[in-house]
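Enquirer: Got a structure for you, written out below as structure tokens; questions coming shortly.
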Ligand code: C5P
């Protein structure tokens, strides 16, 4: 049985695949005969495979990637292993991945830009301050163009620069100005690798979502033995290919799925100057919005006032009060998933005098030596109201910020609010708010999963995987 026949059978057989893709079974039989899937149908097959949890890695030799557009930038740093990056270029050139190469000054001591240019059949970039390059392909374009930046070999120096935000040459400036996925393949002397400074930079970069192809252990060119050897170019190439395949699959994981996310705090005015609000930076909600957008979801964020940039997603609606947030969420329904991340103010406060005199709220309340009293009016619980309404999305997810009995309280809320997944976190001692890290526990009806402390970006990544599981289960049960 050839590759494509095996894949089709794993996907449910000719008939099932034909039905899912809305094409004739004879077309599928043809693919099986030719052992080839036409480029126009590749995306649909990737999507189906990801939906059915079929690992397609083995079914697509690297050449098949050619049908999927991908842009990569290779940054070569200076080290004894620099010459090995020539082999990486040669392997990448066998595919249709569009490759640009940047070399640092020290890389040019080991291999020449001319050699790289002739191998890649394209100009190799070396200078941050080149008038000619700035007009054609400036450093910002070089940073924004690629889907992936591979730094190989990555020296202790580039790791230190990037971890500390230095931008004093073309390579480090590109890294700082990029939104792309960044992968480092370090190579250095074992003592340098194990140095506390390098290890701290490594952890910092890992925490910020940078991927690493770990260095090998063995004899080094410098005569020492230990960890720090540059992995074989073929290993790096295969890592890159499987990363690309995975990200191509993920990018359509939530295609046609609409997701509404509430984020940030809400604000309740007391008078034109004063207000009450809750603690929330909006970071976790925005990271979730970005991750789900990357995976192809149509994401609408309804955000209270925040001081951070909005995420890259379909739509962001700015609101102030809980009631406005509620109204806007309702207007976005029906949707497939609702994630209530916002720290919604539970009450509106109506100021009163001790004698219950009405205060004119159009003007600032004047300070007197008398106490002020407040009547509290309950705001709508957005999560609960929608989870119990007939507008309920397939999947409803809430956050539960707690200072004590974290799991127990979050579980009670999961039940009382009719939620599918509650994400509990400990906010005692002002932890979490405004931070880039979060330590959360995923609470389900019958079990829970404690995650270790990690970046909010990484929490968003795990949550996206859980949402995929929940949607698959929902489909199975429907
Ligand atoms: O009950 P508690 O406020 O702790 O529940 C937290 C969860 O409920 C969060 O997901 C929050 O976004 C949501 N919530 C809401 N509307 C409110 C209060 C909380 O959607 N008025």
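Residue numbers (this note's numbering): 5 to 482. C-beta: ideal position from N, C-alpha, C; glycine also. Quantities reported herein were computed from a predicted structural model and do not represent experimental measurements.
Helix, strand or coil for residue 400? Go by DSSP, reduced to three states.
Expert: Position 396 of the chain shown holds residue 400. Of the three classes helix, strand and coil, the one that applies to residue 400 here is strand, per DSSP.
Enquirer: Which ranges would you report for the alpha helix (DSSP H) in the stretch 323-410 if only whole runs of at least 4 residues count?
Expert: Counting only runs of 4 or more, we get 326-336, 386-391.
Enquirer: Identify whether residue 229 lies in helix, strand or coil by the three-state DSSP scheme.
Expert: For the purposes of this step, residue 229 is taken as the residue at position 225 of the chain shown. Reduced to three states, the DSSP call for residue 229 is strand.
Enquirer: Would you tell me roughly how many angstroms separate the C-alpha atoms of residue 413 and residue 250, rounded to the nearest one?
Expert: Sequence index remark: in the chain shown, residue 413 carries index 409 (1-based). Sequence index remark: in the chain shown, residue 250 carries index 246 (1-based). Each residue's alpha carbon lies about 37 Å from the other.
Enquirer: Report yes if the C-beta of residue 446 is less than 8 Å from at least one heavy atom of the ligand C5P; otherwise report no.
Expert: Here residue 446 corresponds to residue number 442 of the chain shown, with the count starting at 1. It does not: the Cβ of residue 446 is nowhere closer than 8 Å to a heavy atom of the ligand C5P.
Enquirer: When the distance is taken between beta carbons, is residue 459 closer than 9 Å to residue 442?
Expert: For the purposes of this step, residue 442 is taken as the residue at position 438 of the chain shown. For the purposes of this step, residue 459 is taken as the residue at position 455 of the chain shown. Contact: yes.
Enquirer: Using the Cα positions of residue 68 and residue 260, report the straight-line distance between them to the nearest angstrom.
Expert: Counted from its first residue, the chain shown places residue 68 at position 64. Counted from its first residue, the chain shown places residue 260 at position 256. Any reading at residue 68 must be qualified, since the residue scores a pLDDT of 46, below 50, and its modelled position is unreliable; no value is offered.
Enquirer: Please return the same chain residues whose Cβ sits closer than 6 Å to the Cβ of residue 403, not counting the five positions on each side in sequence.
Expert: One-based indexing of the chain shown puts residue 403 at position 399. Same-chain partners within the cutoff: 345, 427.
Enquirer: Are residue 304 and residue 256 close, meaning C-beta to C-beta below 9 Å?
Expert: Residue mapping note: residue 304 aligns to position 300 of the chain shown, counting from 1. Residue mapping note: residue 256 aligns to position 252 of the chain shown, counting from 1. No; because the gap between Cβ atoms is not below 9 Å, this pair is not in contact.
Enquirer: I'd like the ranges of any beta strand (DSSP E) spanning at least 3 consecutive residues and lying wholly in the stretch 281-321.
Expert: 302-307, all fully within the stretch 281-321.
Enquirer: Note down, in chain order, each residue of its chain lying with its Cβ closer than 6 Å to the Cβ of residue 410, except the 5 sequence neighbours on either side.
Expert: Taking the chain shown and counting its residues from 1, one reaches residue 410 at position 406. Closer than 6 Å at the Cβ level, and outside the excluded window around residue 410, lie 428, 430.
Enquirer: Buried or exposed: which applies to residue 3, given that a residue is buried once 16 or more other Cβ atoms fall within 10 Å of its Cβ?
Expert: A question about residue 3 goes unanswered here, because the residues of the chain that appear run from 5 up to 482.
Enquirer: Among all the DSSP beta bridges, which residues are the ones paired with residue 216?
Expert: Indexing the chain shown from 1 puts residue 216 at position 212. Paired residues: 188.
Enquirer: Classify residue 114 as helix, strand or coil using the three-state DSSP reduction.
Expert: Position 110 of the chain shown, counted from the start, is the residue given in the question as residue 114. Of the three classes helix, strand and coil, the one that applies to residue 114 here is helix, per DSSP.
Enquirer: Considering only heavy atoms of the ligand C5P, does any lie closer than 8 Å to the CB of residue 218?
Expert: Residue mapping note: residue 218 aligns to position 214 of the chain shown, counting from 1. For the ligand C5P, not one heavy atom lies less than 8 Å from the Cβ of residue 218.
Enquirer: Would you mind stating whether residue 225 and residue 160 have Cβ atoms separated by less than 9 Å?
Expert: Position 221 of the chain shown, counting from 1, holds the residue named residue 225. Position 156 of the chain shown, counting from 1, holds the residue named residue 160. Against a cut-off of 9 Å, the Cβ pair of residue 160 and residue 225 comes out as no contact.
Enquirer: Using a Cβ-Cβ cut-off of 7 Å (strictly less than) and excluding sequence neighbours within five positions of residue 452, which residues of its own chain qualify?
Expert: Residue 452 sits at position 448 when you count from the first residue of the chain shown. Excluding positions up to five away in sequence, the list reads 411, 445, 446.
Enquirer: How many whole angstroms separate the CB atoms of residue 271 and residue 325, which I take to be in contact at a CB cut-off of 8 Å?
Expert: Position 267 of the chain shown, counting from 1, holds the residue named residue 271. Position 321 of the chain shown, counting from 1, holds the residue named residue 325. So it is a contact: roughly 7 Å between Cβ atoms.
Enquirer: Using 10 angstroms around the beta-carbon of residue 187, count the other beta-carbons present and answer buried if the total reaches 16, otherwise exposed.
Expert: Taking the chain shown and counting its residues from 1, the one referred to as residue 187 is at position 183. That one is buried.
Enquirer: Would the beta-carbon of residue 345 be found less than 8 Å away from any heavy atom of the ligand C5P?
Expert: Within the chain shown, numbered from 1, the residue matching residue 345 stands at position 341. Answer for residue 345: yes, Cβ within range of the ligand C5P.
Enquirer: Looking only at its chain, what residues have a beta carbon closer than 8 Å to the beta carbon of residue 204, apart from the 5 residues adjacent to it on each side?
Expert: In the chain shown, counting from the first residue as 1, residue 204 sits at position 200. Once the five neighbours on either side are set aside, the close Cβ partners of residue 204 are 167.
Enquirer: Closest by CA to residue 347, which one among 369, 134, 82, 310?
Expert: Your numbering for residue 347 matches position 343 in the chain shown. Ranking the options by Cα distance to residue 347, first place goes to 310.
Enquirer: Using 8 Å as the threshold, is the stretch 289-305 in touch with the stretch 228-246, meaning 3 or more CB pairs across them?
Expert: As far as the Cβ criterion goes, the stretch 289-305 does not touch the stretch 228-246, which means the pair count is below three.
Enquirer: What number of angstroms, rounded off, separates the C-alpha of residue 297 from the C-alpha of residue 314?
Expert: Position 293 of the chain shown, counted from the first residue, corresponds to residue 297. Position 310 of the chain shown, counted from the first residue, corresponds to residue 314. Their Cα atoms are separated by approximately 13 Å.
Enquirer: Spatial neighbours of residue 471 within its chain, please: C-beta separation below 7 Å, excluding the five flanking residues on both sides.
Expert: If you number the chain shown from 1, residue 471 lands on position 467. Closer than 7 Å at Cβ, skipping near neighbours: 341, 399.
Enquirer: Starting from the Cα of residue 269, find the closest Cα among 17, 330, 358, 113 and give me that residue.
Expert: Start at 1 with the first residue of the chain shown, and residue 269 comes out as number 265. Closest by alpha carbon: 330.
Enquirer: Report the residue from 91, 332, 229, 150 whose alpha carbon sits nearest the alpha carbon of residue 74.
Expert: In the chain shown, the residue the question calls residue 74 occupies position 70. With distances taken between Cα atoms, residue 74 lies closest to 150.
Enquirer: Cutting at 8 Å between CB atoms, please list the residues of its own chain near residue 26, excluding the five before and the five after it.
Expert: Within the chain shown, the letter at position 22 stands for residue 26. Closer than 8 Å at the Cβ level, and outside the excluded window around residue 26, lies no residue.
Enquirer: Kindly indicate the opening and closing residues of the beta strand (DSSP E) around residue 432.
Expert: By 1-based counting over the chain shown, the position of residue 432 is 428. Element bounds for residue 432: n/a, residue is neither H nor E.
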